[in-house]
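Chains as they are written, first to last, in this note's numbering: chain P, 1 to 314; chain F, 315 to 628; chain L, 629 to 942; chain Z, 943 to 1256. For every residue, glycine included, the Cβ atom is placed at its ideal position computed from N, Cα and C. To keep things clear, I will list the structure first and then write my remarks on it.
There are 4 protein chains.
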Amino acid sequence: MKFRSDLVLEAKELIDEKRASQMEAADQLPEGVFADTEEKEEYRVTRIRIESPEAAAQLEKEPGTYITIELKTEEISSLDLQKQIAHTLSAEMNLFTEKLTKEDPCVMIVGLGNRSITPDSLGPRVVDRMVVTRHLKGNEQLRAHLDRRMGTVCAVAPGVMGITGIETGAILQGLIDVAHPDMVIAVDALASRKTSRVNTTIQISDTGIVPGSGVGNRRMALSQKTLGIPVIAIGVPTVVDALTMTCDLLEKATGKEPDEDMLERLSDTYGSEMIVTPKNIDVAIERMCIAISNGLNMALHKGFDTTDVHEYLM
Amino acid sequence: MKFRSDLVLEAKELIDEKRASQMEAADQLPEGVFADTEEKEEYRVTRIRIESPEAAAQLEKEPGTYITIELKTEEISSLDLQKQIAHTLSAEMNLFTEKLTKEDPCVMIVGLGNRSITPDSLGPRVVDRMVVTRHLKGNEQLRAHLDRRMGTVCAVAPGVMGITGIETGAILQGLIDVAHPDMVIAVDALASRKTSRVNTTIQISDTGIVPGSGVGNRRMALSQKTLGIPVIAIGVPTVVDALTMTCDLLEKATGKEPDEDMLERLSDTYGSEMIVTPKNIDVAIERMCIAISNGLNMALHKGFDTTDVHEYLM
Amino acid sequence: MKFRSDLVLEAKELIDEKRASQMEAADQLPEGVFADTEEKEEYRVTRIRIESPEAAAQLEKEPGTYITIELKTEEISSLDLQKQIAHTLSAEMNLFTEKLTKEDPCVMIVGLGNRSITPDSLGPRVVDRMVVTRHLKGNEQLRAHLDRRMGTVCAVAPGVMGITGIETGAILQGLIDVAHPDMVIAVDALASRKTSRVNTTIQISDTGIVPGSGVGNRRMALSQKTLGIPVIAIGVPTVVDALTMTCDLLEKATGKEPDEDMLERLSDTYGSEMIVTPKNIDVAIERMCIAISNGLNMALHKGFDTTDVHEYLM
Amino acid sequence: MKFRSDLVLEAKELIDEKRASQMEAADQLPEGVFADTEEKEEYRVTRIRIESPEAAAQLEKEPGTYITIELKTEEISSLDLQKQIAHTLSAEMNLFTEKLTKEDPCVMIVGLGNRSITPDSLGPRVVDRMVVTRHLKGNEQLRAHLDRRMGTVCAVAPGVMGITGIETGAILQGLIDVAHPDMVIAVDALASRKTSRVNTTIQISDTGIVPGSGVGNRRMALSQKTLGIPVIAIGVPTVVDALTMTCDLLEKATGKEPDEDMLERLSDTYGSEMIVTPKNIDVAIERMCIAISNGLNMALHKGFDTTDVHEYLM
């Protein structure tokens, strides 16, 4: 019943905390989990690889690779930092794209979420800023005039089930069947347990993604298993669920989990519809959107820098 | 090379004009074309049925049924007129939907065009205002609580090829393959030859539609032939191509078609990118969008009136 | 240092709570405060009049009249409720407008807040939906053709100091000096202490308003005292400050106010920039905006109903 | 009755054309008009000074200085060109700002036009991108921490009379009275006679400006004469009036002005509400808005380059 975090880093932290309280070494990872961290002045990159099923069970996350880029500041506070994040994202994406052995592979960017709910609009907005080329590559004449650095990219924002009436996973399957990409990169807004992560953390993983809460339980995961091609998920927490935050807080303040009674009372107060978010969410999403889309464009169009991206998107 | 009108009514008018100048009876239709007109105070409904291939060739339009709702005013100038247009559209749609013999057929609304270019945004905006139910109908529990008047509707705005990198027809094929609708209703903004038609004419036909100008010539028509299910197209002229308008005008003023030289000069001036449109295009599109979406919702959810639609869309 | 609520109702509740815990009669109001409540099925209207300076001091609110319309539902959940709220607001406004004894007085609607921050955009959006007539009334010829029900209304959205570089109060003074209205009605988004009030409460008062947090402390109150004409303030809580909510919650959970240490820790976590808001804030603001603007238009253009308003705003 | 162009360059061209047809030297200017032109690869800067009242009468323009920046391309087609235009605009503005002898003068940017009509939204959008400082300069403490390059700038978008109910000139007068700027720079979208000028021409002048068509004839010019301080107007043609374009065209095609009869017929067809505009008007306005706002920010905050501007506007 409790709200779960979409971030593997938070799963690891929960374990670390539990351990610390058990007087164990906080830096000792579960068997089958490999992690390394790279510190930069304004951000940090953590790479976690979950190999064993046991570790996966312990962390409640799928086995696979998780890369997290964490700002040390409260937001992307300068153009320079925005550019650094874009370059870092681009470099980290190589870990995944270099596995595509086919010459000139086709990558499909999928922007998940609802364009008209600001904190949920990250995915569709990243799609708007992709330099797409698949339709040009498919045309003999146009291909000849194309910037040679350009890879083959297509991009879709399938919408959410409440708007389309169709399961997002099904739409995606239909699009893959006709466009035949070699890899999907799905971008989505996530929920976090901590306000400090909101708009400051980017998680990249090769384990797929489950689109935002749907009707009933039959939501289809978007992953290599369900879609048949590699699915790289890029997620950014843009909100904290108000109920979750409150429960966490009470637990800390009182030293024990809120009881049934309290939970019900809190649940009445916040419903499932109250979120915690920065006041300047529009600006924060825009900055994150530029960092991610620039990073993806540089990763997929080899040799592009951010100026090239802006030039093509003018 | 010259710009073509998307409206069958204009094709018929061109013939009528030519004839009139040949002293023929202007009201005599080509063999194989049947037409009737219903006059209302503020608008007129014309139904044209092109049956013979010869008539189709003469009008340069596919054989099929074309229904045109024409405002006599310059725009949808009152709430009452907006409501009348919605009801008329709803009633005329019956001609097409009643051919679906299956119990509770599924209809997919497709909003063609580019959401971020105002005169091209009609289709996606109509999609935003559809009451979709397909995902609820598919769920035993939810279906039980559903308003019994509701039909099965899904709705997608596939975007344009320049944004997605995928041919719109291909996207649509992929979506049909996974959602299995029994009919597609495609809504699109059109070009007209006459400024008087802009935002005053709605054309409905069962002959399909070709999405807006793409790259190269391999644009795929959206029709029963290509998609395998009935495709009803709803089009509204929202712009006049400036070059076309100018050529028509010169022809009238001088009594002869512009020669090669003049055409080139005009073409230099207007490029292919200048359009003629009302100053208040944002408002005009919004009004048309409400009329059409209300009409479609009433046609597909039997017993709805406009208040029901607004209630569900709140 | 603690965040204050903009709602007089919350001030009264705080007192009531304190009293209740002191075993006093919860329904006994401070001397000099008069209150009455009208219950409807889906909402309640409370009118509070603070007359004595002592009562004002006790409630930490200015002396004057405060009318609160409170939804019993979580949001404006139907067109019918939206209409009822508009009519109620219109009727309550009479209490203030009937004091304008001049024939055909001019009323200036002022939309406070920042149009590009969704939860702060209520004021400017209400301005967009006002039927303005002042410029028509001033023109002999146009006045003759005007709907006789129309009052004299102008409307401005002065922007926020961070965007204009000018104190909002100063801008307003400048506008009043040139437009000479007889009354200002200022609409603004507020903060509440309780998530249950967000987008469910409308507070109307004749005590003026202080525009959202500015730079330094020299923010000028907008009131009859500072502007020289009656200022009616209409406020709707659209957010809860995350830090305030958390402090309140901890106090309830632990039975005591958070100490300095805890406050600092919380302050670090939420900064001053995290807010609690409904996920569907865009929709909620839009519904509230329609209810308020319809209510104001009906109050100022005597005899208008909501259809008249929609007709003029088409 | 005929539509007039807002561009002095077009006035001069009309004269030049008339002369050329009278076999006079096309480059001979009327007495009292001084002009020089600077050619760059992708654009050209023309400076025209009208000194004598006779010349002013002949050109139907106020005496004063007019600077025109004309693109040789169809639009701002690259980031580099956008930057060049910004720097050129910044440099040319010096001609006007250097006349402000006061130390640290205050400049008010005024964005004329209607934010919600795309081709009319240039002014308000430029205002959104100004780095405003007036409120910071006025605060001892904040001023100390301010970037020393910063001038004193405030910025307002007063809206249009149809939305506010107040004459734009009156609003501006009220704002000047409270903010006490030393100069107004008013930015507005204009109409041109030629499609080739749309979004390719920037006109800067010190003769003031008349806000877009109002009700009746009592529109107040915004100029040093009416407002008491220097008013620099920056205008960009974003549309061509369809009726004007058509008349011009017919005149050229037939060699004579359209007669009364034809004018009436054309007037019926286009009303006063049809405009000619590029299909990608949203993008074109955005590019122009960035060029102008960057230029103004660099002109008013000495030592800023475009990166500084973007940094402050992030």
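Examine chain F for any beta-carbon lying closer than 8 angstroms to the beta-carbon of Met-736 (chain L), and answer yes or no.
no
Closer than 7 angstroms at the beta carbon, the chain Z residues around Arg-762 (chain L):
Gly-1107, Ile-1108
Is there at least one Cβ from chain L nearer than 8 angstroms to Asn-297 (chain P)'s Cβ?
no
Counting Cβ pairs closer than 8 angstroms, one from the stretch 1132-1147 of chain Z and one from the stretch 812-829 of chain L, do we hit at least three?
no
Report all residues from its chain with a CB closer than 6 angstroms to the CB of Leu-717 (chain L); omit the five preceding and five following residues, and keep chain order.
Gly-923
Tell me, please, whether the CB atom of Gln-436 (chain F) is closer than 8 angstroms to any CB atom in chain P?
The sequence shown places Leu at residue 436 (chain F), rather than the Gln named in the question. With 8 angstroms as the cut-off, Leu-436 (chain F) does not count as an interface residue toward chain P.
To the nearest angstrom, how far is the alpha carbon of Thr-1106 (chain Z) from that of Ala-807 (chain L)?
10 angstroms
DSSP three-state label for Asp-1183 (chain Z), please.
strand
Mind checking whether Val-445 (chain F) and Leu-627 (chain F) have CB atoms under 8 angstroms apart?
yes
If I measure Cβ to Cβ from Met-778 (chain L) and keep anything under 6 angstroms in the same chain, skipping five residues before and after, which residues do I get?
Thr-761, His-929
Cutting at 6 angstroms between CB atoms, please list the residues of its own chain near Asn-742 (chain L), excluding the five before and the five after it.
Asp-748, Val-788
For Met-220 (chain P) and Met-93 (chain P), what's the separation of their Cα atoms in angstroms?
25 angstroms
Counting along the chain, where does the alpha helix (DSSP H) carrying Asp-1224 (chain Z) start and finish?
1223-1242
Over what stretch of residues does the alpha helix (DSSP H) that includes Val-524 (chain F) continue unbroken?
Here Val-524 (chain F) belongs to no alpha helix (DSSP H), and DSSP marks it neither H nor E.
If we define contact as Cβ-Cβ less than 8 angstroms, is Met-475 (chain F) a contact residue for chain P?
yes
Since Asp-282 (chain P) and Thr-97 (chain P) should fall inside the 8 angstroms C-beta cutoff, what is the C-beta to C-beta distance between them, to a whole number of angstroms?
Wrong, their Cβ atoms sit about 31 angstroms apart, outside the cutoff.
Are the beta-carbon atoms of Ile-951 (chain L) and Ile-830 (chain L) separated by less than 8 angstroms?
As shown, chain L starts at 629 and ends at 942. That puts residue 951 (chain L) outside it, with no answer to give.
CB contact check: Ala-170 (chain P) to chain F, cutoff 8 angstroms:
yes
Return the CA-CA distance between Thr-514 (chain F) and Val-975 (chain Z), expressed in angstroms with no decimal places.
48 angstroms
Is DSSP giving Gly-113 (chain P) helix, strand or coil here?
coil
Could you name the residues of the same chain whose beta carbon sits closer than 8 angstroms to that of Ile-918 (chain L), not counting the 5 residues immediately before and after it, in chain order?
Gln-710, Ala-714, Arg-757
Give, in chain order, every residue of the stretch 586-612 of chain F whose Cβ lies closer than 7 angstroms to some Cβ of chain P.
none
Under 8 angstroms, do Thr-1110 (chain Z) and Cys-1048 (chain Z) count as touching if we go by C-beta distance?
no
For Ala-458 (chain F), decide whether its Cβ has a neighbour in chain Z, counting only Cβ atoms nearer than 8 angstroms.
no
7 angstroms Cβ cut-off: residues of chain L touching Ser-116 (chain P)
Asp-910
Pairwise C-alpha distance: Ile-76 (chain P) and Met-288 (chain P):
7 angstroms
What is the DSSP secondary structure of Ala-1112 (chain Z), counted as helix, strand or coil?
helix
Between the alpha carbons of Tyr-671 (chain L) and Pro-278 (chain P), how many angstroms are there, rounded?
31 angstroms
Can you give the beta carbon distance from Leu-243 (chain P) to Ser-267 (chain P), rounded, assuming they're within the 8 angstroms contact cut?
6 angstroms
Which of the three DSSP states, helix, strand or coil, is assigned to Val-107 (chain P)?
strand
Using three-state DSSP, classify Met-1072 (chain Z) as helix, strand or coil.
coil
Is the beta carbon of Leu-1164 (chain Z) less than 8 angstroms from the beta carbon of Leu-1114 (chain Z)?
yes
8 angstroms is my cut-off, CB to CB: does Thr-866 (chain L) come that close to chain P?
no
If we cut at 8 angstroms on Cβ distances, does Asp-394 (chain F) have a partner in chain P?
no
The beta strand (DSSP E) enclosing Ile-1171 (chain Z), as first and last residue numbers:
Where Ile-1171 (chain Z) is concerned, there is no enclosing beta strand (DSSP E), given that its DSSP letter is neither H nor E.
With a CB to CB cut of under 6 angstroms and the five nearest residues on each side skipped, what residues in its chain are close to Ser-1155 (chain Z)?
Note that Ser-1155 (chain Z) has pLDDT 44, beneath the 50 cutoff, so the model's placement of it is unreliable and no number is given.
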